[in-house]
Amino acid sequence: MDLKTLYREVIVDHYKKPRNSTPLDHPDVEAKCKNPSCGDRVTLQLRFANDNLAEIGFIGVGCAISQASTSMMTQAVKGKSREEVRQIMTAFREMVVEGAEQPDAEALGDLVTMQGIAKLPARVKCAMCGWSALEAALDEQSEEVDMDQDTSMPEAKRGGGM
Amino acid sequence: MDLKTLYREVIVDHYKKPRNSTPLDHPDVEAKCKNPSCGDRVTLQLRFANDNLAEIGFIGVGCAISQASTSMMTQAVKGKSREEVRQIMTAFREMVVEGAEQPDAEALGDLVTMQGIAKLPARVKCAMCGWSALEAALDEQSEEVDMDQDTSMPEAKRGGGM
Amino acid sequence: MNEDEVPCTPLSPEEVRPDFPQLNRRIGDYPLAYLDNTAATLKPRQVIEAIDHFYATCPANVHRGIHTLSEEATDAYESSRKRIAAFIHAPRESELIFTRNTTEGINLVADCWARRRLKPGDEVLVTVMEHHANLIPWQIVTEATGATLKFARLHPSGQLDLDDWYSKLSERTKFVSMPQVSNVLGVINPVKTLTAAAKAVGATVLVDAAQSVPHMPVDVVDIGCDFLAFSGYKLLGPFGIGGLWGRYELLDAMPPYQTGGSMIHTVTLEKTTFADPPQRFEAGTPSIADAVGFAAAIDYLTNVGMDRLHQREIELSKYMHERLAEIPGLRILGEYFEGKPGIASFDLAYAHAHDVAQFLSDEGVAVRAGHHCAEPLHHEFNSESTSRASLYLYNTEAEIDQLIAGLGTVREIFG
Amino acid sequence: MNEDEVPCTPLSPEEVRPDFPQLNRRIGDYPLAYLDNTAATLKPRQVIEAIDHFYATCPANVHRGIHTLSEEATDAYESSRKRIAAFIHAPRESELIFTRNTTEGINLVADCWARRRLKPGDEVLVTVMEHHANLIPWQIVTEATGATLKFARLHPSGQLDLDDWYSKLSERTKFVSMPQVSNVLGVINPVKTLTAAAKAVGATVLVDAAQSVPHMPVDVVDIGCDFLAFSGYKLLGPFGIGGLWGRYELLDAMPPYQTGGSMIHTVTLEKTTFADPPQRFEAGTPSIADAVGFAAAIDYLTNVGMDRLHQREIELSKYMHERLAEIPGLRILGEYFEGKPGIASFDLAYAHAHDVAQFLSDEGVAVRAGHHCAEPLHHEFNSESTSRASLYLYNTEAEIDQLIAGLGTVREIFG
Ligand SMILES: Cc1ncc(COP(=O)(O)O)c(C=O)c1O
Ligand SMILES: Cc1ncc(COP(=O)(O)O)c(C=O)c1O
Chain A
82 MDLKTLYREV IVDHYKKPRN STPLDHPDVE AKCKNPSCGD RVTLQLRFAN
132 DNLAEIGFIG VGCAISQAST SMMTQAVKGK SREEVRQIMT AFREMVVEGA
182 EQPDAEALGD LVTMQGIAKL PARVKCAMCG WSALEAALDE QSEEVDMDQD
232 TSMPEAKRGG GM
Chain B
82 MDLKTLYREV IVDHYKKPRN STPLDHPDVE AKCKNPSCGD RVTLQLRFAN
132 DNLAEIGFIG VGCAISQAST SMMTQAVKGK SREEVRQIMT AFREMVVEGA
182 EQPDAEALGD LVTMQGIAKL PARVKCAMCG WSALEAALDE QSEEVDMDQD
232 TSMPEAKRGG GM
Chain C
221 MNEDEVPCTP LSPEEVRPDF PQLNRRIGDY PLAYLDNTAA TLKPRQVIEA
271 IDHFYATCPA NVHRGIHTLS EEATDAYESS RKRIAAFIHA PRESELIFTR
321 NTTEGINLVA DCWARRRLKP GDEVLVTVME HHANLIPWQI VTEATGATLK
371 FARLHPSGQL DLDDWYSKLS ERTKFVSMPQ VSNVLGVINP VKTLTAAAKA
421 VGATVLVDAA QSVPHMPVDV VDIGCDFLAF SGYKLLGPFG IGGLWGRYEL
471 LDAMPPYQTG GSMIHTVTLE KTTFADPPQR FEAGTPSIAD AVGFAAAIDY
521 LTNVGMDRLH QREIELSKYM HERLAEIPGL RILGEYFEGK PGIASFDLAY
571 AHAHDVAQFL SDEGVAVRAG HHCAEPLHHE FNSESTSRAS LYLYNTEAEI
621 DQLIAGLGTV REIFG
Chain D
221 MNEDEVPCTP LSPEEVRPDF PQLNRRIGDY PLAYLDNTAA TLKPRQVIEA
271 IDHFYATCPA NVHRGIHTLS EEATDAYESS RKRIAAFIHA PRESELIFTR
321 NTTEGINLVA DCWARRRLKP GDEVLVTVME HHANLIPWQI VTEATGATLK
371 FARLHPSGQL DLDDWYSKLS ERTKFVSMPQ VSNVLGVINP VKTLTAAAKA
421 VGATVLVDAA QSVPHMPVDV VDIGCDFLAF SGYKLLGPFG IGGLWGRYEL
471 LDAMPPYQTG GSMIHTVTLE KTTFADPPQR FEAGTPSIAD AVGFAAAIDY
521 LTNVGMDRLH QREIELSKYM HERLAEIPGL RILGEYFEGK PGIASFDLAY
571 AHAHDVAQFL SDEGVAVRAG HHCAEPLHHE FNSESTSRAS LYLYNTEAEI
621 DQLIAGLGTV REIFG
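Protein chains in written order, with the numbering used here: chain A, 82 to 243; chain B, 82 to 243; chain C, 221 to 635; chain D, 221 to 635.
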């Protein structure tokens with residue numbers, strides 16, 4: 082899928098009408114992620130029912146990729162078990178950060194449309210912002226994640242702000 | 082004159098048998114010059130009779146060019162008037178430092194054989210060591226001259242020690 | 221392309237474009253429209269060949285080694301210094317220190333001049349439009365010395381608020397630093413007038429000339445400043461080399477910056493004495509080939525003529541600003557003014573700067589997105605980031621049209 | 221020239237000489253015999269072409285600009301870091317900071333690590349064989365902090381006096397710095413053993429690897445040191461780029477060195493937070509093309525094989541030392557030992573080093589004359605200056621013969 086198609090058919094839609102973009106009433110856990118060099122920010126809230134991610138909500142500002150990626154993520158993980166959520170997370174990271182040629186289509190579902198982001202190295206951080214918040218939430222890490230200082234990102238995809 | 086001829090016919094002779102290389106008994110003035118990046122050193126002593134440079138003597142260590150150039154200098158200036166000495170000095174500097182194509186043969190006499198030094202930029206400092214001492218002596222400047230910090234030398238011919 | 225022959229002919233990009241091999245590139249189906257010149261310019265073949273030739277013939281170390289290759293390398297290095305010093309009208313070639321970039325030049329002055337002289341109660345005056353390179357060193361040095369850092373504010377037009385600047389200048393002001401041209405707003409500060417005022421209260425003055433030396437004639441004597449810093453890669457030269465000019469008396473009164481080989485006079489185990497400027501400030505083996513490429517770029521610009529280049533650039537800048545004004549929802553940081561350099565930093569009401577740059581790139585248009593190392597300036601304009609289009613001598617009206625078309629696509633998809 | 225295919229074939233200079241365009245030069249009637257490799261090596265066409273190609277295609281600024289040329293430049297820069305880090309077996313690529321040269325690497329550590337930690341009574345231990353780059357920064361930092369600088373002495377053979385070194389190591393020793401290979405004596409210090417001893421007393425250790433990384437396999441983990449500095453132009457790479465490797469925990473605990481763009485995290489007018497290593501230490505626009513050339517040189521060396529290179533060099537070194545021993549009145553600083561790197565610094569009883577270099581140059585032989593930035597070491601050997609012949613992978617026995625013939629001329633004229 083070329084860049085324009087990706088934006089036109091997927092990203093802009095989620096950017097303009099983000100899904101699950103309302104704060105939860107009684108979240109079990111909240112996590113934040115930011116991307117200072119781009120100005121992206123995501124606050125994510127989760128509520129579990131037993132082992133299942135029953136509810137998820139986010140508020141965010143930033144570029145279309147960061148917001149659309151977060152919106153799509155919330156759709157993909159809602160209702161899933163912790164373990165399934167982790168699988169989806171891993172698959173998404175492999176596809177976008179590591180550039181896996183054969184992404185795990187089963188785990189990813191609609192998210193495979195985001196594969197093209199792997200070819201936009203400067204935007205990988207944007208696409209990962211909401212996902213890093215999700216990981217922090219699962220790990221019950223209270224400190225805000227900072228994508229510019231996230232050492233799980235390869236050197237070439239981090240970098241100081243210009 | 083090529084390098085070998087210059088050394089063989091002029092420089093080595095003065096290097097091995099430096100002329101006027103005895104200290105004076107009652108010098109009027111003494112001046113020193115060094116070239117720390119090369120290790121050259123010259124101490125020069127002058128005695129005047131009226132306006133004439135009656136006697137000149139030097140002690141020095143260093144490379145053949147520095148010592149030979151000083152030795153030849155003492156021969157050239159001995160017995161000359163202050164003004165004649167300055168003329169020779171200027172002519173020598175023009176030939177060696179500024180690379181004048183048509184050196185002042187009249188003022189320079191035998192010293193024209195040193196013209197080839199102008200083509201050895203790293204050695205210009207060496208050739209000028211004794212001459213800088215002479216200039217300091219005429220100017221009655223008591224501080225030791227330091228060729229590495231001599232701002233009358235073009236930038237490209239000074240430079241810090243390697 | 222010889223200035224003497226055609227002194228008054230306006231510069232046409234067609235004159236110079238054949239010299240830039242990068243301009244033959246296509247990005248997907250589009251020709252490259254390189255509008256990221258404020259970040260780095262392209263390089264003409266004359267510069268690439270100068271570096272190539274240096275390495276292929278005399279890649280030896282300098283410092284007057286006594287062999288042919290080292291003599292050639294030393295001559296190439298020192299002749300580069302001479303030509304670059306002459307370009308900014310430095311009275312003496314030994315006033316030109318080779319640095320890595322503008323950043324290093326400013327750090328050197330902050331460290332070797334300001335840090336040794338500032339005391340609590342003293343003030344350093346900069347502006348809100350600083351590039352981080354001319355801000356953070358002053359934050360650090362004022363914090364270390366107990367001095368105070370003051371910021372002159374801007375008018376909403378982006379112009380420096382001169383009243384505010386003068387009101388912050390006083391006998392307490394020991395150092396003044398300012399950009400000659402802002403890398404975001406494109407405003408030109410009246411550095412000559414401000415320098416005179418600063419010197420009248422006894423302050424030392426540095427001009428951040430990273431965006432002026434590449435784009436207009438600059439004369440350090442005419443400005444009257446004490447230090448002036450710029451970078452080679454922003455004026456057709458290689459990366460890794462810049463110039464710091466300083467008045468000789470000041471340089472001579474400064475301790476060294478980095479220490480090691482070739483900046484020394486004599487060394488014993490216990491004590492070292494240091495060489496004169498500029499060697500004192502160039503420790504270790506220098507960037508010889510980059511200096512050679514830097515001078516080749518200076519020769520190229522001299523040949524074109526800085527006046528012609530400047531005229532052409534402000535003409536094309538006018539066209540760019542006119543065309544950008546057609547785009548609905550587009551805001552340019554700072555107001556346009558007659559003679560504005562070719563810099564336009566803008567945001568769009570409906571799309572984020574990074575998405576804009578992404579779409580433009582997809583259509584072959586290279587612009588920068590972000591805060592352009594001027595985060596406080598962006599906050600001043602309530603912006604996190606902008607897209608910035610910036611021009612140089614090889615840019616064309618057609619490339620501006622390509623930018624405008626790209627912004628049309630952005631609008632079509634996001635608007 | 222692929223290591224996999226010919227793992228055990230000894231390296232022949234003929235394998236590599238065609239890659240070095242400079243070797244075609246003639247100096248007057250003589251072929252060039254380039255024996256000044258300790259000062260700077262020649263550059264193969266692969267390195268020249270890598271730089272050329274970079275500039276001709278993607279000479280944009282890095283920092284992840286969102287356009288094709290900037291993406292390519294960023295990839296080229298970061299991939300260079302990765303390959304160079306791997307070459308010295310760095311556990312993490314982000315432990316490799318790009319510097320201008322070894323000098324800057326050592327200054328950075330002296331400033332950002334040692335200066336912040338040394339107190340009166342503390343000691344820094346170096347050796348008498350230091351290059352000025354590993355001496356003057358420690359003179360300055362000990363003077364500034366009130367710490368004491370200690371020097372381990374040498375044996376008359378030129379070898380480090382280990383007893384003296386150990387006797388000067390104590391709980392007071394907070395920093396130890398030493399060259400892995402001396403640029404004058406060619407001695408190889410047992411850096412692994414000394415590092416272990418230094419760490420046992422709690423000292424931080426820097427290895428000056430300017431003369432080892434180019435000539436032998438170097439593994440930072442095996443050595444066990446905390447910092448290791450080297451230069452690109454001494455291993456076939458361009459001028460203006462070097463590497464400083466540091467253990468991540470230490471780098472992470474250090475404040476920035478120079479400050480400005482691209483080493484920041486967030487900036488307001490009042491306060492700045494800094495990026496993680498390595499960005500924290502790379503302020504401003506880096507030497508992108510030089511980094512690319514540096515990595516191309518590393519690739520070239522990897523392809524040749526550092527073991528083969530090292531073997532060949534010590535074989536040729538042996539030949540050089542044997543031949544030099546034939547010259548009457550010639551003294552080499554330091555005794556020859558089996559496996560000595562290709563460095564011979566010598567003086568002659570009847571001619572000054574500068575005259576020697578001049579005659580050799582006249583016959584096409586490039587050597588260095590002077591104190592080679594090791595003035596105290598020369599004083600130790602009662603010498604003001606020496607001539608130094610030094611080897612690299614492209615040198616031949618014939619070039620040594622040319623050196624010996626040149627020394628014959630010197631003798632004929634001066635002897
Ligand atoms: C106004 C200004 N100052 C300073 C700098 C820093 O330049 P460098 O990265 O070459 O040090 C820049 C570069 O973007 C600039 O535009
Ligand atoms: C042992 C040693 N250390 C340090 C240096 C300094 O290297 P650079 O000039 O690249 O900073 C050299 C270079 O001659 C060297 O040989």
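Glycine included, C-beta positions come from ideal geometry on N, C-alpha and C.
8 angstroms Cβ cutoff, B/Gly120 in contact with chain D:
yes
Member of B/Phe129, B/Cys144 and B/Pro117 whose CA lies at the smallest distance from the CA of B/Pro108
B/Phe129
Start and end residues, alpha helix (DSSP H) containing C/Ser290:
Thr288 to Phe307
Taking 7 angstroms as the cut-off, is the beta-carbon of C/Asn244 closer than that to any non-hydrogen atom of ligand 1?
no
When Cβ atoms are compared, which residues of the region 460-485 of chain C fall closer than 8 angstroms to chain B?
Gly481, Ser482, Met483, Ile484 and His485
So, does the CB of A/Arg204 fall closer than 8 angstroms to a CB anywhere in chain C?
yes
Ignore the nearest five residues each way along the sequence and tell me which others in D/Thr277's own chain have a CB closer than 6 angstroms to its CB.
none
Measure from the C-beta of D/Gly285 to each C-beta in chain A and report whether the shortest distance is under 8 angstroms.
yes
Cβ pair count under 8 angstroms reaching 3, the region 397-404 of chain D against the region 420-433 of chain D
yes
Would you say D/Gly590 lies against chain B (beta-carbon separation less than 8 angstroms)?
yes
So A/Cys210 packs on A/Gly143, CB below 8 angstroms; how close in whole Å?
7 angstroms
Is C/Asp272 a contact residue of ligand 2, with contact defined as CB to any heavy atom under 7 angstroms?
no
Identify the residues that DSSP records as bridge partners of B/Asn116: which are they?
B/Asp121
Whole-angstrom distance between B/Ile146 and D/Glu632, CA atom to CA atom:
17 angstroms
Under 7 angstroms, CB to CB, which of the residues in the region 596-608 of chain C have a partner in chain A?
Glu604 and Ser605
D/Thr629 - DSSP class collapsed to helix/strand/coil:
helix
Do you know offhand how far B/Val110's Cα is from B/Gln126's?
6 angstroms
Run down chain D in chain order and give the residues with a C-beta less than 8 angstroms from the C-beta of A/Gln148.
Per Cβ cutoff of 8 angstroms: no residues; A/Gln148 is ~17 angstroms from chain D at best.
Under 9 angstroms from the C-beta of A/Gln230: neighbouring residues of chain D
His485, Ala495 and Asp496
Touch test, the region 315-328 of chain D against the region 498-511 of chain C, Cβ-Cβ under 8 angstroms, three pairs minimum
yes
Can you check which of these residues, C/Gln242, C/Val236, C/Leu613 and C/Asn244, is closest to C/Met436 by C-alpha distance?
C/Leu613
Below 8 angstroms on C-beta distance, what does B/Arg89 contact in chain D?
Ile633
In angstroms, rounded to a whole number, what distance separates the CA positions of C/Arg588 and D/Pro279?
14 angstroms
Cβ closer than 7 angstroms: which chain A residues qualify as neighbours of D/Glu315?
Those do not exist, as D/Glu315 stays about 10 angstroms from chain A at its closest Cβ, beyond 7 angstroms.
Nearest to C/His592 by CA position, among C/Ala353, C/Lys370 and C/Asp249, is which residue?
C/Ala353
Quick one: what's got a C-beta closer than 6 angstroms to C/Leu448's C-beta in the same chain, skipping five residues either side?
Val427, Ala429, Val440 and Trp465
Taking 7 angstroms as the cut-off, is the beta-carbon of C/Gln359 closer than that to any non-hydrogen atom of ligand 1?
no
Contact shell at 5 angstroms, judged by CB to any heavy atom of ligand 1, ordered along the chain:
C/Asn321, C/Thr322, C/Thr323, C/His351, C/Ala353, C/Pro399, C/Asn403, C/Asp428, C/Ala430, C/Gln431, C/Ser451, D/Gly504 and D/Thr505
Look at the alpha carbon of D/Asp496 and the alpha carbon of A/Gln230, and state the distance between them as a whole number of angstroms.
6 angstroms
Can D/Cys445 and D/Val411 be called in contact, C-beta distance under 8 angstroms?
yes
Extent of the continuous alpha helix (DSSP H) run through D/Ile518
Ile508 to Val524
Give, in chain order, every residue of the region 548-582 of chain C whose Cβ lies closer than 8 angstroms to some Cβ of chain A.
Ala571, His572, Ala573, His574, Asp575, Gln578, Phe579 and Asp582
Looking at the C-beta of C/Glu291, does it have a partner C-beta in chain B at a distance below 8 angstroms?
yes
For C/Met221, the three-state DSSP class (helix, strand or coil)
Residue placement at C/Met221 cannot be trusted, given a pLDDT of 44 that sits under 50; what the coordinates show is reported in the next sentence. C/Met221: coil per DSSP, three-state reduction.
Can you tell me the Cβ-Cβ gap for D/His287 and C/Ser581, rounded? I've got them flagged as a contact below 8 angstroms.
4 angstroms
Around the Cβ of B/Gly190, are there at least 16 other Cβ atoms within 10 angstroms (buried) or fewer (exposed)?
exposed
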